[in-house]
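Number 307 in the working numbering belongs to position 154 of the sequence shown; there are no gaps in the numbering.
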Amino acid sequence: MSRGAAVLFDAPGPRARRTSLLVSLIAGVLIVIGLGWIIAVLAAPREGPGGLELPGMFAPTRWDIYSDPEVWLFIGEGTLATLQAAAVAAALALVFGVVLSLLRSAQSRWIRIPTAVFIEFFRGMPVLLMMLFILLAAMTGQFWAVVWALALYNGALIGEALRAGLAALPKGQREAGLSLGMRQLQSKLLVEFPQAFRQMLPIIVAQLVVLLKDTSLGYIVGYNELLRTTLNNLGSFFGNRYLFSLFIITWVIYLAMNLALSWFARWLSRRTESGGGGFNFMKRGARGGPVLPSMENPAMDAAMRGAESRQVGQGST
Numbered sequence: 154m155s156r157g158a159a160v161l162f163d164a165p166g167p168r169a170r171r172t173s174l175l176v177s178l179i180a181g182v183l184i185v186i187g188l189g190w191i192i193a194v195l196a197a198p199r200e201g202p203g204g205l206e207l208p209g210m211f212a213p214t215r216w217d218i219y220s221d222p223e224v225w226l227f228i229g230e231g232t233l234a235t236l237q238a239a240a241v242a243a244a245l246a247l248v249f250g251v252v253l254s255l256l257r258s259a260q261s262r263w264i265r266i267p268t269a270v271f272i273e274f275f276r277g278m279p280v281l282l283m284m285l286f287i288l289l290a291a292m293t294g295q296f297w298a299v300v301w302a303l304a305l306y307n308g309a310l311i312g313e314a315l316r317a318g319l320a321a322l323p324k325g326q327r328e329a330g331l332s333l334g335m336r337q338l339q340s341k342l343l344v345e346f347p348q349a350f351r352q353m354l355p356i357i358v359a360q361l362v363v364l365l366k367d368t369s370l371g372y373i374v375g376y377n378e379l380l381r382t383t384l385n386n387l388g389s390f391f392g393n394r395y396l397f398s399l400f401i402i403t404w405v406i407y408l409a410m411n412l413a414l415s416w417f418a419r420w421l422s423r424r425t426e427s428g429g430g431g432f433n434f435m436k437r438g439a440r441g442g443p444v445l446p447s448m449e450n451p452a453m454d455a456a457m458r459g460a461e462s463r464q465v466g467q468g469s470t
């Protein structure tokens, strides 16, 4: 155990380790017993209306519809509709988040205060209420009602997260950019914002996972996303016998999409960390001044060349 970890808590002794192992084993056994009991209850036949015996939830007669390719075609269309709404809403939410974070951290209070009111309004507004308002008042249709409601709500949350990331950066980051001749907006966009985005990436991804799950609220406004396609459309067509299997299929698809998004976030985080992980202002240029690594960023390179040319022009006058 490292010295830093030992400072936080005392290392468990042999007796504590045995107790922890025993508690873990007991908890594992109880979980297995509980899961077995739930499966047994679901698998057991039950009595229906009129004294009829209904098959258990895992009986083949409750799953035979999945041999029909058209059922999977309907499920695929619902999944695609969910991904389309989530992708468009996520792109708009990221754009809104970037703009709101920049406006929220502006020096002028005439910009900062109205932006804060805007963010707090949409953070406190229920997403379903926004969907209904956009659908009924703006007459946008179900798809855009879902997209705009999710984009505004999650954009406000992402914007506040990015603002917090910008505020948490050391002041030396901005000062180093300004010392190279960058304007304040250039320094914020090219120096501070990439670092804040990397720091807040776990929060942003977690919010995008919430956005993906919240597309199921489109069920209420009539958008044929995955949940409405399976439980409402297919469930109404085939009857209540297949609701349990449709629920399981829907749950597995949502779980797979969210796990894929989380895996992509971890991959992106590892890639950005291995690619440099931030700017180092302790490096020195040929003339002894601080320099910013380009990190293969054309915008950064262009800003650096412009800043150096302005410095040379000022030095020659």
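The beta-carbon is built from N, C-alpha and C at its ideal position, and this holds for glycine as well. Everything numeric in this text was worked out from a predicted model, so none of it was measured.
Simplified DSSP state of residue i, which is helix, strand or coil
i: Leu288; result: helix
i: Ala244; result: helix
i: Thr293; result: coil
i: Ala304; result: helix
i: Ala134; result: The question about residue 134 has no answer, for the chain in this structure spans 154 to 470.
i: Ala164; result: coil
i: Leu282; result: helix
i: Ser261; result: coil
i: Asp221; result: coil
i: Arg437; result: Residue confidence for Arg437 is low, a pLDDT of 40 falling below 50, so the modelled location carries little weight; the figure read from the coordinates is stated next. Arg437: strand per DSSP, three-state reduction.
i: Arg170; result: helix
Cβ neighbour criterion (16 or more within 10 Å) applied to residue i
i: Arg440; result: No answer about Arg440 holds up, because its pLDDT of 43 lies below 50 and its placement is not dependable.
i: Lys341; result: buried
i: Arg257; result: buried
i: Gln260; result: exposed
i: Val300; result: buried
i: Ala169; result: exposed
i: Glu273; result: exposed
i: Met210; result: buried
i: Gly318; result: buried
i: Val471; result: This structure gives no information on residue 471, because the portion of the chain shown stretches from 154 to 470.
i: Val374; result: buried
i: Tyr219; result: exposed
i: Met284; result: buried
i: Val248; result: exposed
i: Tyr254; result: Residue 254 is actually Ser in this sequence, not Tyr. With 16 or more Cβ atoms within 10 Å of its Cβ, Ser254 is classed as buried.
i: Asp367; result: buried
i: Glu449; result: The predicted model places Glu449 with a pLDDT of 44, which falls under 50 and marks its position as unreliable; any figure quoted below should be read in that light. Glu449 comes out exposed.
i: Met410; result: buried
i: Met335; result: buried
i: Gly329; result: According to the sequence shown, residue 329 is Ala rather than Gly. By the 10 Å Cβ count, Ala329 comes out buried.
In DSSP terms, what residue i is bridged to
i: Glu206; result: Glu200
Beta-carbon separation (whole angstroms), residue i vs residue j, contact threshold 8 Å
i: Leu303; j: Ala242; result: 4 Å
i: Leu379; j: Ile406; result: 6 Å
i: Leu354; j: Ala418; result: 7 Å
i: Asn393; j: Tyr372; result: At roughly 18 Å, the Cβ-Cβ gap does not stay under 8 Å, so Asn393 and Tyr372 are not in contact.
i: Ala238; j: Phe296; result: 6 Å
i: Leu399; j: Leu387; result: 6 Å
i: Ala246; j: Asn307; result: 4 Å
i: Arg276; j: Ala320; result: With a Cβ gap of about 17 Å, Arg276 and Ala320 do not count as contacting.
i: Phe286; j: Thr382; result: That belief does not hold up - the Cβ atoms of Phe286 and Thr382 are roughly 24 Å apart, past 8 Å.
i: Asn377; j: Ala234; result: 6 Å
Contact test: residue i Cβ vs the ligand ZN heavy atom, cutoff 7 Å
i: Ser340; result: Annotation note on the ligand ZN: not contained in the displayed structure, which lists no ligands.
Give the list of continuous alpha helix (DSSP H) stretches no shorter than 4 residues that lie fully inside the segment 315–396. For the segment 315–396, the full-length alpha helix (DSSP H) segments reaching 4 residues or more read 324–332, 337–340, 346–352, 354–367, 371–374 and 388–391 along the chain.
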